[in-house]
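Novice: Position one of the first sequence corresponds to residue 37 (my numbering), numbered consecutively onward.
Yeah, the Cβ is synthetic: ideal placement off N, Cα and C, and Gly gets one too.
Model, not experiment: these values are computed from the prediction.
Okay, here's the structure, questions in a sec.
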Amino acid sequence: MNIKHLLTEKTQAAFVALGLPADTNAAVTVSTRVEFGDYQINGAMAAAKLLKTNPRQLAEQLLAQLDLDGIAVKTEIAGPGFINVTLAKGWLAQQLQHASGNARLGVAANTSPQTVVVDYSAPNLAKEMHVGHLRSTIIGDAVVRSLEFWGDKVVRQNHMGDWGTQFGMLIAHLEDKLAAGVDLEQVALADLEDFYREAKKRFDDEEGFADKSRTYVVKLQSGDAHCQKLWQLFIDTSIKHSDEVYQKLNVTLTHADIKPESAYNDMLHGIIDDLKTQQLAVESMGALVVFLHELADKEGNPSPFIVQKTGGGFLYATTDLAACQYRSHTLNADRVIIFTDARQGLHFKQVELVARKAGYLRDATAYDHCPFGTMMGEDGKPFKTRTGGTVKLAELLEEAVVRAKAVVQDKATDLSAEEIDEVARKVGIGAVKFADLSKNRTSDYIFSWDAMLSFEGATAPYLQYAYTRVRSILRRADIADSFTAEFALTEEAEKQLAVKLLRFEETLQQVMKDAQPNLLCNYLYELASLYMTFYEACPILKDGVEPTQRNSRLMLSIFTSRLLKQGLELLGIEVMERM
RNA sequence: GCGCCCGUAGCUCAGCUGGAUAGAGCAACGCCCUUCUAAGGCGUGGGUCAUAGGUUCGAAUCCUAUCGGGCGCGCCA
């Protein structure tokens with residue numbers, strides 16, 4: 037059910053009846069104020085501008101052609117040509133009836149599924165995952181879950197950094213550790229960050245170590261078996277670490293989704309040869325460069341895009357071009373979505389330009405680089421530990437759970453120790469995720485423990501709490517899982533809740549189109565908030581409530597609980613029955 | 001120097017296919033628990049939407065300039 041879509045279609049039909057093109061923008065939006073009804077149609081004003089006619093008159097003609105019988109209880113023209121639509125409670129009840137009998141919660145079937153490749157998380161395996169990886173990982177995962185719920189074919193691609201020059205240093209250090217008899221699991225890589233620091237220190241300070249490291253990079257990349265083996269050991273251990281973080285974070289990435297940089301190695305020579313053959317890449321100052329006139333400065337100097345270093349080495353530009361080829365041609369993607377931080381904007385603009393020219397990206401493949409801002413500390417500077425180091429993601433998540441447990445213990449009344457642990461885990465992790473997901477993707481945001489764990493206002497715990505409240509009522513009602521009844525809307529709080537419940541598809545579509553989970557966060561918060569209002573205003577199980585009203589309110593509660601659970605699941609946030 | 005992003009209430013943020021009186025949450029203040037979980041609800045106060053122009057019936061939203069902040073720009077990823 038997509039009310040906005042329905043009203044748009046109805047409006048466009050009316051435009052056609054007036055002799056206007058069918059694609060005239062109906063400009064249907066949710067009403068800004070309650071006295072303006074539920075939805076408003078603003079298209080008449082823009083159309084009148086094109087036709088150079090009186091907007092209010094056109095709105096009147098449009099309204100005369102607009103067939104909303106049974107849907108709207110009132111339509112009226114206001115101001116310069118707004119058409120305000122007040123939906124009929126009976127019609128809303130019917131739509132809810134239909135939606136609630138549906139596993140997709142009223143979301144229409146996806147009649148033309150797309151293949152969508154989503155590149156997200158992509159940690160550097162040389163180091164431990166830190167807070168900088170949080171956004172890509174959870175925003176990407178929320179979009180992936182949304183696309184899958186809608187019914188598209190999603191191919192996750194965890195483009196892990198496993199092939200950089202630091203690996204020479206790391207495997208050289210690992211070799212010495214192993215030679216000294218240190219157990220790999222227990223000591224050497226127990227803390228990737230320490231391991232990296234040790235290796236780096238030797239690289240900087242120790243005689244001969246840097247040279248050995250550089251030699252190892254070359255050997256590794258030319259297929260030396262010994263170096264490859266050490267590298268593989270390191271990579272396996274590092275992946276194990278990221279797996280643990282994903283599990284803790286409740287992220288859907290698995291081993292099968294890993295498509296690291298090294299996976300494209302075999303394609304790189306071919307890409308370079310092809311770029312040369314197509315005369316897109318030319319030699320410049322010893323390197324191989326594609327000059328992009330589309331990105332030239334005002335003097336006409338084209339923007340350089342280096343695809344091969346002096347000496348023949350490849351760069352991430354080369355790998356990303358190969359990834360385009362693989363995703364568009366081999367995976368046959370209709371759309372590629374890449375979640376990285378905003379600083380890589382220029383790079384991906386260049387990648388797309390080159391890939392399109394060279395034919396690595398088919399015209400039919402949309403290429404969406406979805407950037408996001410930086411996580412800042414409360415001082416407004418990039419989020420760091422007190423001593424200025426990077427904050428490990430694993431530690432951040434642990435702290436969230438510890439902090440949540442303190443609050444849960446304080447507030448929870450009759451939960452067992454095990455339940456408290458579980459609730460603390462779901463609340464703590466959920467709070468971190470919601471705080472991030474609810475912000476506009478593109479802007480920097482300030483990470484604040486106090487704000488996210490105060491557990492008041494627009495936070496994950498608020499939504500989880502709303503869910504437990506509904507569930508509590510349903511438990512008390514003592515009804516079967518298969519319980520069903522007629523929706524009958526009378527109170528304003530019921531109607532507001534109903535309209536919001538029917539806006540799920542509208543929200544989902546927008547989340548997928550713009551790759552912006554914050555829209556779903558806003559929606560769920562508003563839904564929970566309207567349920568809270570309804571809960572306060574409309575008694576359900578109390579004495580004196582008519583059976584038809586009680587049953588309808590139970591139906592509203594059931595549907596709300598299902599939607600909250602499903603919506604939070606799309607965000608990767610868990611719910612619980614009690615808290 | 002060139003380019004990208006950002007500047008909205010004391011704080012954190014929505015809103016940005018141009019639409020009516022710019023919204024939430026936090027913080028402040030005042031109410032509401034013998035009644036379905038008060039991690040809640042209801043209400044009050046709080047704004048030159050950085051600044052100046054422009055486009056138009058209408059601009060936080062589009063365009064231009066300026067100021068302020070962040071980031072990027074040939075061999076890291």
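If we count Cβ pairs, one from each stretch, closer than 8 angstroms, do we get three or more for the region 383-395 versus the region 313-331?
Specialist: yes
Novice: Classify F540 as helix, strand or coil using the three-state DSSP reduction.
Specialist: Assignment of F540 by DSSP, reduced to helix, strand and coil, places it in the helix class.
Novice: Round the Cβ separation of D188 and Q131 to the nearest angstrom and send it over; I've been treating them as touching at under 8 angstroms.
Specialist: The Cβ separation is near 25 angstroms, so there is no contact.
Novice: Under 8 angstroms Cβ to Cβ from R586, same chain only, skipping five residues before and after it: list those, please.
Specialist: I576 and L577
Novice: Taking a contact to mean a Cβ-Cβ separation below 8 angstroms, would you say P296 touches D155 in this structure?
Specialist: no
Novice: Applying the 10 Å Cβ sphere with the 16-neighbour rule, what's the burial state of H649?
Specialist: Limits of the chain in this structure are 37 at one end and 615 at the other, which puts residue 649 out of reach.
Novice: How do the region 460-468 and the region 416-436 stand: do at least 3 beta-carbon pairs fall below 8 angstroms, yes or no?
Specialist: yes
Novice: Near C574, what residues of its chain come up, given a Cβ to Cβ distance below 7 angstroms and the 5 sequence neighbours on each side ignored?
Specialist: E527, A529, E530 and R589
Novice: In this structure, how does DSSP classify S172 when only helix, strand and coil are distinguished?
Specialist: helix
Novice: So what does K189 bridge to, in DSSP terms?
Specialist: K189 is bridged by DSSP to T151.
Novice: Tell me which residues share the same chain as A467 and place their Cβ nearer than 8 angstroms to its Cβ, disregarding the 5 neighbours each side in the sequence.
Specialist: Short of 8 angstroms from the beta carbon of A467, and not among the five residues preceding or following it, lie these beta carbons of its own chain, in chain order: A436, A440, M488, L489, F491, T495, A496 and P497.
Novice: Taking DSSP as the reference, what is the three-state secondary structure of N146?
Specialist: coil
Novice: In whole angstroms, what separates the C-alpha of Q545 from that of F185?
Specialist: 11 angstroms
Novice: Just to check my reading of the structure: E542 and S484 have Cβ atoms closer than 8 angstroms, yes? What is that Cβ distance to the nearest angstrom?
Specialist: Incorrect: roughly 31 angstroms between the Cβ atoms, too far for contact.
Novice: Could you tell me which of V167, I107 and Q97 sits nearest to T421, measuring between CA atoms?
Specialist: V167
Novice: On the premise that T65 lies in contact with Q48, defined as a C-beta separation below 8 angstroms, what is that separation, rounded to the nearest angstrom?
Specialist: Not quite, the Cβ-Cβ distance comes to about 15 angstroms (not below 8 angstroms), so this is no contact.
Novice: Expressed to the nearest angstrom, what Euclidean distance is found between the alpha-carbon atoms of V444 and S508?
Specialist: 18 angstroms
Novice: Does the distance from the C-beta atom of R181 to that of T288 stay below 8 angstroms?
Specialist: yes
Novice: Flag this pair as yes or no: are the beta carbons of L161 and I271 separated by less than 8 angstroms?
Specialist: Cβ atoms of L161 and I271: closer than 8 angstroms.
Novice: According to DSSP, simplified to helix, strand and coil, what is I576?
Specialist: In the structure shown, I576 sits in coil (DSSP, three-state: anything other than H, G, I, E or B).
Novice: State the beta-bridge partners of M411 as determined by DSSP.
Specialist: Y481
Novice: Helix or strand or just coil, what does DSSP make of L351?
Specialist: coil
Novice: Out of E454, E613, G259 and N286, point me to the one whose CA is closest to S298's CA.
Specialist: Selected option, being the one with the closest Cα: G259.
Novice: Please work out which residues of its chain come closer than 6 angstroms, Cβ to Cβ, to E211, disregarding the five sequence neighbours upstream and downstream, and give them in chain order.
Specialist: L266
Novice: I need the straight-line Cα distance from E454 to S474, nearest angstrom please.
Specialist: 29 angstroms
Novice: Quick check on P116: buried or exposed, where buried means 16 or more other Cβ atoms within 10 Å of its Cβ?
Specialist: Exposed, by the Cβ-count rule.
Novice: What residue range is occupied by the uninterrupted beta strand (DSSP E) comprising A114?
Specialist: A108 to A114
Novice: Beta strand (DSSP E) containing L328: first to last residue?
Specialist: For L328, the enclosing beta strand (DSSP E) starts and ends at A323 to L328.
Novice: State whether the region 226-246 contacts the region 400-414, with contact taken as three or more CB pairs (one from each stretch) at a distance under 8 angstroms.
Specialist: No: fewer than three Cβ pairs fall under 8 angstroms.
Novice: Any idea what DSSP makes of T449, helix, strand or coil?
Specialist: coil
Novice: Would you list the residues sitting across from S320 in a DSSP beta bridge?
Specialist: A323
Novice: Of the choices R69, G79 and I374, whose alpha-carbon is the least far from that of P57?
Specialist: G79
Novice: Is the CB-CB distance between L25 and L592 below 8 angstroms?
Specialist: Residue 25 lies beyond the stretch modelled for the chain, which goes from 37 to 615, so this question has no answer here.
Novice: Can the beta-carbon of L123 be found closer than 8 angstroms to that of T111?
Specialist: no
Novice: Using the Cα positions of E572 and T504, report the straight-line distance between them to the nearest angstrom.
Specialist: 15 angstroms
Novice: Measure the beta-carbon distance from Q552 to R477 and round it to whole angstroms, keeping in mind my assumption that it falls under 8 angstroms.
Specialist: That pair is a contact at about 5 angstroms.
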